[in-house]
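Beneath this line is the structure, given in C-alpha coordinates, with notes to follow.
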Amino acid sequence: MAKFADQAVQNDTDVLMALKLSDAVIDDTRTIFAENPTLKAALANPAAASADKARAIARIFPEAIVPYLCVLCRHGAIGRIDAIFENYLTRRAVAAGRGIGTLWYAGAKPDRAMLSALVLEKFGVRDIDWVTVKDPKLIGGYKIRIQDYVYDHSVAGSFGQLSHRIRTEVRR
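Mapping of the sequence shown onto the UniProt record's numbering: position 115 corresponds to residue 115, and the numbering continues sequentially without gaps.
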(Lines of atoms letter the chains of each structure in order from A and count residues from 1; the text may use other names and numbers.)
(Lines give C-alpha, C1' and ligand atoms only; values in the text may rest on other atoms or scores of the structure.)
Protein backbone atom coordinates (compact mmCIF):
# COMPACT_ATOMS: atom_id res chain seq x y z
CA MET A 1 0.00 0.00 0.00
CA ALA A 2 1.42 3.34 -1.00
CA LYS A 3 2.06 5.89 1.71
CA PHE A 4 1.41 9.57 1.23
CA ALA A 5 4.36 10.98 -0.67
CA ASP A 6 5.94 14.10 0.79
CA GLN A 7 6.92 17.01 -1.45
CA ALA A 8 10.54 15.90 -1.81
CA VAL A 9 9.42 12.46 -3.04
CA GLN A 10 6.91 14.12 -5.40
CA ASN A 11 9.66 16.37 -6.83
CA ASP A 12 12.12 13.48 -7.24
CA THR A 13 9.36 11.43 -8.91
CA ASP A 14 8.64 14.30 -11.32
CA VAL A 15 12.28 14.25 -12.41
CA LEU A 16 12.28 10.47 -12.80
CA MET A 17 9.10 10.57 -14.89
CA ALA A 18 10.52 13.31 -17.10
CA LEU A 19 13.43 11.00 -17.98
CA LYS A 20 10.96 8.63 -19.70
CA LEU A 21 13.03 5.57 -18.82
CA SER A 22 11.93 2.16 -20.01
CA ASP A 23 10.03 -0.18 -17.71
CA ALA A 24 13.01 -2.54 -17.89
CA VAL A 25 15.41 0.11 -16.53
CA ILE A 26 13.06 0.94 -13.65
CA ASP A 27 12.39 -2.73 -12.87
CA ASP A 28 16.09 -3.65 -13.02
CA THR A 29 17.01 -0.77 -10.73
CA ARG A 30 14.28 -1.66 -8.22
CA THR A 31 15.43 -5.30 -8.27
CA ILE A 32 19.05 -4.34 -7.64
CA PHE A 33 18.06 -2.28 -4.61
CA ALA A 34 15.68 -5.00 -3.33
CA GLU A 35 18.28 -7.76 -3.66
CA ASN A 36 21.05 -5.69 -2.05
CA PRO A 37 19.64 -3.99 1.05
CA THR A 38 23.03 -2.75 2.23
CA LEU A 39 23.62 -0.97 -1.08
CA LYS A 40 21.17 1.83 -0.31
CA ALA A 41 22.76 2.34 3.12
CA ALA A 42 26.22 2.49 1.57
CA LEU A 43 25.09 5.03 -1.04
CA ALA A 44 23.38 7.10 1.68
CA ASN A 45 26.47 7.12 3.87
CA PRO A 46 27.67 10.75 4.05
CA ALA A 47 31.20 9.59 4.93
CA ALA A 48 31.61 7.86 1.56
CA ALA A 49 33.11 9.98 -1.21
CA SER A 50 30.74 11.11 -3.97
CA ALA A 51 33.21 9.94 -6.62
CA ASP A 52 33.26 6.44 -5.11
CA LYS A 53 29.47 6.36 -5.03
CA ALA A 54 29.29 7.48 -8.66
CA ARG A 55 31.74 4.77 -9.75
CA ALA A 56 29.75 2.11 -7.90
CA ILE A 57 26.47 3.32 -9.40
CA ALA A 58 27.97 3.26 -12.91
CA ARG A 59 29.16 -0.34 -12.42
CA ILE A 60 25.95 -1.68 -10.86
CA PHE A 61 22.95 0.05 -12.44
CA PRO A 62 21.57 0.41 -15.99
CA GLU A 63 23.34 3.25 -17.79
CA ALA A 64 20.17 5.27 -18.41
CA ILE A 65 19.45 5.76 -14.70
CA VAL A 66 23.03 6.38 -13.52
CA PRO A 67 22.92 10.22 -13.72
CA TYR A 68 19.64 10.31 -11.77
CA LEU A 69 20.98 8.08 -8.99
CA CYS A 70 24.21 10.09 -8.81
CA VAL A 71 22.24 13.31 -8.33
CA LEU A 72 20.16 11.68 -5.58
CA CYS A 73 23.39 10.64 -3.85
CA ARG A 74 24.94 14.09 -4.16
CA HIS A 75 21.85 15.66 -2.57
CA GLY A 76 21.56 13.07 0.20
CA ALA A 77 18.27 11.82 -1.21
CA ILE A 78 19.09 8.21 -2.13
CA GLY A 79 17.52 7.07 1.16
CA ARG A 80 14.07 7.86 -0.24
CA ILE A 81 14.53 5.80 -3.42
CA ASP A 82 11.94 3.19 -2.33
CA ALA A 83 9.30 5.90 -1.80
CA ILE A 84 10.24 7.48 -5.14
CA PHE A 85 9.78 4.19 -6.99
CA GLU A 86 6.50 3.46 -5.20
CA ASN A 87 5.18 6.91 -6.12
CA TYR A 88 6.49 6.52 -9.68
CA LEU A 89 4.72 3.19 -10.17
CA THR A 90 1.46 4.56 -8.76
CA ARG A 91 1.57 7.62 -10.99
CA ARG A 92 2.50 5.55 -14.04
CA ALA A 93 -0.45 3.22 -13.40
CA VAL A 94 -2.86 6.13 -12.99
CA ALA A 95 -1.56 7.73 -16.19
CA ALA A 96 -2.38 4.45 -17.95
CA GLY A 97 -5.90 4.48 -16.48
CA ARG A 98 -5.17 1.95 -13.72
CA GLY A 99 -4.90 2.49 -10.03
CA ILE A 100 -5.08 1.23 -6.51
CA GLY A 101 -7.59 2.71 -4.14
CA THR A 102 -8.40 2.27 -0.49
CA LEU A 103 -12.03 2.18 0.53
CA TRP A 104 -12.99 2.62 4.17
CA TYR A 105 -16.67 2.06 4.90
CA ALA A 106 -19.09 1.76 7.81
CA GLY A 107 -22.03 -0.58 7.49
CA ALA A 108 -22.75 -1.84 3.98
CA LYS A 109 -20.10 -1.50 1.28
CA PRO A 110 -20.83 1.32 -1.16
CA ASP A 111 -21.91 0.41 -4.68
CA ARG A 112 -18.84 -0.44 -6.77
CA ALA A 113 -20.33 1.02 -9.94
CA MET A 114 -20.89 4.37 -8.20
CA LEU A 115 -17.33 4.37 -6.82
CA SER A 116 -15.91 3.47 -10.23
CA ALA A 117 -17.84 6.34 -11.83
CA LEU A 118 -16.58 8.75 -9.15
CA VAL A 119 -12.95 7.67 -9.59
CA LEU A 120 -13.22 7.89 -13.38
CA GLU A 121 -14.69 11.39 -13.16
CA LYS A 122 -12.20 12.76 -10.61
CA PHE A 123 -9.01 10.95 -11.66
CA GLY A 124 -9.54 9.46 -15.12
CA VAL A 125 -8.83 6.01 -13.68
CA ARG A 126 -10.84 3.31 -15.46
CA ASP A 127 -9.43 0.17 -13.88
CA ILE A 128 -8.99 0.22 -10.11
CA ASP A 129 -8.05 -2.42 -7.58
CA TRP A 130 -9.69 -1.74 -4.22
CA VAL A 131 -8.28 -2.44 -0.79
CA THR A 132 -11.32 -2.43 1.49
CA VAL A 133 -11.37 -1.73 5.21
CA LYS A 134 -14.47 -1.83 7.41
CA ASP A 135 -14.21 1.11 9.81
CA PRO A 136 -17.08 1.63 12.27
CA LYS A 137 -15.48 4.92 13.44
CA LEU A 138 -16.81 6.48 10.23
CA ILE A 139 -20.31 6.04 11.72
CA GLY A 140 -21.80 5.85 8.21
CA GLY A 141 -20.82 6.45 4.61
CA TYR A 142 -17.37 5.90 3.15
CA LYS A 143 -13.97 7.39 2.50
CA ILE A 144 -11.71 6.62 -0.48
CA ARG A 145 -8.08 7.31 -1.21
CA ILE A 146 -6.52 7.39 -4.66
CA GLN A 147 -2.85 8.39 -4.76
CA ASP A 148 -2.53 11.21 -2.21
CA TYR A 149 -6.14 12.38 -2.49
CA VAL A 150 -8.74 11.44 0.12
CA TYR A 151 -12.45 11.82 -0.67
CA ASP A 152 -14.39 11.70 2.60
CA HIS A 153 -18.11 11.00 2.30
CA SER A 154 -18.54 9.71 5.85
CA VAL A 155 -20.68 10.86 8.75
CA ALA A 156 -17.55 11.29 10.90
CA GLY A 157 -15.95 13.38 8.14
CA SER A 158 -19.07 15.56 7.86
CA PHE A 159 -19.06 16.10 11.63
CA GLY A 160 -15.39 17.05 11.44
CA GLN A 161 -16.04 19.60 8.68
CA LEU A 162 -18.99 21.07 10.58
CA SER A 163 -16.93 21.32 13.76
CA HIS A 164 -14.14 23.09 11.85
CA ARG A 165 -16.61 25.59 10.35
CA ILE A 166 -18.14 26.32 13.76
CA ARG A 167 -14.71 26.87 15.35
CA THR A 168 -13.75 29.17 12.45
CA GLU A 169 -16.94 31.22 12.83
CA VAL A 170 -16.53 31.49 16.62
CA ARG A 171 -13.00 32.91 16.18
CA ARG A 172 -14.25 35.69 13.91
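Glycine included, every Cβ here is placed at the ideal spot set by N, Cα and C. Predicted model only: the values in this text are computed from it and were never measured.
Write down the C-beta distance between Phe-61 and Leu-69 rounded to the nearest angstrom, noting that I regard them as a contact closer than 8 Å. Along the sequence shown, one-based indexing puts residue 61 at 61. Along the sequence shown, one-based indexing puts residue 69 at 69. Yes, they are in contact, since the Cβ atoms of Phe-61 and Leu-69 sit about 6 Å apart, within 8 Å.
Endpoints, alpha helix (DSSP H) assigned at Val-133: Along the sequence shown, read from residue 1 onward, the residue named residue 133 stands at position 133. Careful: Val-133 lies outside any alpha helix (DSSP H), inside the beta strand (DSSP E) at 127-134.
Just the C-alpha distance for Arg-172 and Val-155, rounded to the nearest angstrom, thanks. Translated into the one-based positions of the sequence shown, residue 172 becomes position 172. Translated into the one-based positions of the sequence shown, residue 155 becomes position 155. Cα to Cα, Arg-172 sits roughly 26 Å from Val-155.
Tell me the residue span of the beta strand (DSSP E) that contains Asp-152. Here residue 152 is taken as the residue at index 152 of the sequence shown, counted from 1. Note, Asp-152: beta strand (DSSP E), 149-154.
Enumerate, from N- to C-terminal direction, the unbroken beta strand (DSSP E) stretches of 3 or more residues contained entirely within the stretch 86-111. Taking only runs of at least 3 residues, the beta strand (DSSP E) segments lying wholly in the stretch 86-111 are 98-105.
Could you check how far apart the C-beta atoms of Thr-102 and Val-133 are, in whole angstroms? I think they sit under 8 Å. In the sequence shown, residue 102 corresponds to position 102, counting from 1. In the sequence shown, residue 133 corresponds to position 133, counting from 1. With a Cβ gap of about 7 Å, Thr-102 and Val-133 count as contacting.
Just the Cα atoms here: how many angstroms apart are Leu-21 and Ala-83? Locating residue 21 in the sequence shown gives position 21, where the first residue counts as 1. Locating residue 83 in the sequence shown gives position 83, where the first residue counts as 1. Roughly 17 Å between the two C-alpha positions.
Given 8 Å as the limit, is there contact between the stretch 104-123 and the stretch 48-55, that is, 3 or more CB pairs closer than that? No, because fewer than three Cβ pairs between the stretch 104-123 and the stretch 48-55 fall closer than 8 Å, the two stretches do not touch.
Who does Lys-143 pair with in a DSSP beta bridge? Locating residue 143 in the sequence shown gives position 143, where the first residue counts as 1. DSSP lists Trp-104, Asp-152 as partners of Lys-143.
Using C-beta distances below 7 Å, list every residue in its chain close to residue 212, excluding the 5 sequence neighbours before and after it, in chain order. Nothing about residue 212 can be reported from this structure: the residues present for the chain run from 1 to 172 only.
Taking 8 Å as the CB-CB cut-off, is Leu-118 touching chain C? The chain labelled as chain C is not found in the depicted structure, where only one protein chain is given.
Tell me whether the beta-carbon of Gly-141 lies closer than 8 Å to the beta-carbon of Ala-106. Counted from its first residue, the sequence shown places residue 141 at position 141. Counted from its first residue, the sequence shown places residue 106 at position 106. Contact flag set, yes.
Do the CB positions of Gly-99 and Ile-128 come within less than 8 Å of each other? In the sequence shown, the residue the question calls residue 99 occupies position 99. In the sequence shown, the residue the question calls residue 128 occupies position 128. Against a cut-off of 8 Å, the Cβ pair of Ile-128 and Gly-99 comes out as a contact.
DSSP three-state label for residue 174, please. Limits of the chain in this structure are 1 at one end and 172 at the other, which puts residue 174 out of reach.
Leu-138 classed as buried or exposed, judged by whether at least 16 other C-beta atoms fall within 10 angstroms: As a first step, residue 138 is located in the sequence shown; it is residue number 138 there, counting from the start. Counting Cβ neighbours within 10 Å, Leu-138 comes out buried, since at least 16 surround it.
Quick one: using the 10 Å Cβ neighbour count with 16 as the cut-off for buried, is Leu-162 buried or exposed? For this step, residue 162 is matched to residue 162 along the sequence shown. By the neighbour-count rule (16 or more Cβ atoms within 10 Å), Leu-162 is not buried but exposed.
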